[in-house]
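Student: Below is the structure I would like to discuss, written out as structure tokens.
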Amino acid sequence: MTVEGTVAAAEDGVPAKGHKVSEPGARPEPPADCGRCPRLVAYRHENRRRFPDFFNGAVPSFGDEDARLLIVGLAPGLKGANRTGRPFTGDAAGSVLYPALLALGLACGHYDENGHDDLRLTGVMITNALRCVPPANKPTAAEIRRCNPYLRARIASLSRLGVILALGRIAHDAVLRALGVRLAAHPFAHGTTHVLGRYRLVDSYHCSRYNMNTGRLSEEAFRAVLARARALAFPANGG
150 MTVEGTVAAA EDGVPAKGHK VSEPGARPEP PADCGRCPRL VAYRHENRRR
200 FPDFFNGAVP SFGDEDARLL IVGLAPGLKG ANRTGRPFTG DAAGSVLYPA
250 LLALGLACGH YDENGHDDLR LTGVMITNAL RCVPPANKPT AAEIRRCNPY
300 LRARIASLSR LGVILALGRI AHDAVLRALG VRLAAHPFAH GTTHVLGRYR
350 LVDSYHCSRY NMNTGRLSEE AFRAVLARAR ALAFPANGG
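The numbers in this note's numbering rise by one with no breaks, and the one at position 62 of the sequence shown is 211.
Printed below as a string of structure tokens:
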């Protein structure tokens, strides 16, 4: 299903389309020691004591700076991206996502759950709505909003970007806020494509262990949505 819409004034004070991204802090990647969210900073310090060998910082985006497809997840996992320093690396979701990217020709090399690999993404970048790991994997709405300028700047930095794949409702809503689109006009729905000006926003359930174990999502269903996003991002390749 495809839903068309127009870019309107945003909620929560987020600038609408056409905003400048030269505002203070408007850069695609936060510093590793980002201090915007006190609860997340405290949790980071706790994890540095508990897991001194982990990355334990704001996890940067990973992929191709010429990306036509941007994949947006929720947040780093404690023993996944927070450990390895790379999105979706080291957790169950990454074991679904990266093999799917390789199978669809959107990556090359091999994937290792510890990040010790030669994996390269082709025309794709991966990021998260929240860059720092939240306690119990549950970010607050305020934390997602504070991190939104980085997502907005990351989207704006990708000059060839045409398609965004949102993994889950929180990522979907974060993308809408970053683009200055009213949330009520485009509710999250798995498998739906939203037309947002120059961008196409494709929705998928998150490829998390929970969603896989409960049957909400299967690897086949996830690959079908990813293939749809690929076809939209690379139409000359015939999908």
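Beta carbons: idealized from backbone N, C-alpha and C, even for Gly.
Since this is a predicted model, take the numbers as computed values, not measurements.
Rounded to a whole number of angstroms, what is the C-alpha to C-alpha distance between Tyr-192 and Pro-288?
Tutor: Counting from one through the sequence shown, the residue named residue 192 turns up at place 43. Counting from one through the sequence shown, the residue named residue 288 turns up at place 139. Distance between the alpha carbons of Tyr-192 and Pro-288: 12 angstroms.
Student: Can you say whether Cys-257 is buried or exposed, counting buried as having 16 or more other CB atoms within 10 angstroms of its CB?
Tutor: As a first step, residue 257 must be located in the sequence shown, where it is residue number 108. Cys-257 is exposed by the Cβ-count criterion.
Student: State the Cα-Cα distance for the pair Asp-182 and Val-208, rounded to the nearest angstrom.
Tutor: For the purposes of this step, residue 182 is taken as the residue at position 33 of the sequence shown. For the purposes of this step, residue 208 is taken as the residue at position 59 of the sequence shown. For Asp-182 and Val-208, the distance between alpha carbons rounds to 10 angstroms.
Student: Report the three-state DSSP secondary structure of Leu-328 (helix, strand or coil).
Tutor: Position 179 of the sequence shown, counted from the first residue, corresponds to residue 328. Note: Leu-328 maps to helix in three-state DSSP.
Student: Could you have a look at Asn-297 and say whether DSSP puts it in helix, strand or coil?
Tutor: In the sequence shown, residue 297 corresponds to position 148, counting from 1. Reduced to three states, the DSSP call for Asn-297 is helix.
Student: I'd like the ranges of any beta strand (DSSP E) spanning at least 3 consecutive residues and lying wholly in the stretch 233-297.
Tutor: With a minimum length of 3 residues, the continuous beta strand (DSSP E) runs that stay inside the stretch 233-297 are 273-277.
Student: Does the stretch 202-216 come into contact with the stretch 175-190, if we say contact requires no fewer than three beta-carbon pairs (one atom in each stretch) closer than 8 angstroms?
Tutor: Yes, since at least three Cβ pairs between the stretch 202-216 and the stretch 175-190 fall closer than 8 angstroms, the two stretches touch.
Student: For Pro-283, count neighbouring C-beta atoms within 10 Å of its own C-beta (all shown protein chains included) and say buried if the count is 16 or more, exposed if not.
Tutor: Translated into the one-based positions of the sequence shown, residue 283 becomes position 134. With 16 or more other Cβ atoms within 10 Å, it is buried.
Student: In this structure, how does DSSP classify Val-208 when only helix, strand and coil are distinguished?
Tutor: One-based indexing of the sequence shown puts residue 208 at position 59. In this structure, Val-208 counts as coil in the three-state DSSP scheme.
Student: Relative to the C-alpha of Pro-177, which residue among Pro-298, Arg-318, Leu-345, His-343 is closest?
Tutor: Locating residue 177 in the sequence shown gives position 28, where the first residue counts as 1. If we check each option's Cα against that of Pro-177, Pro-298 comes out closest.
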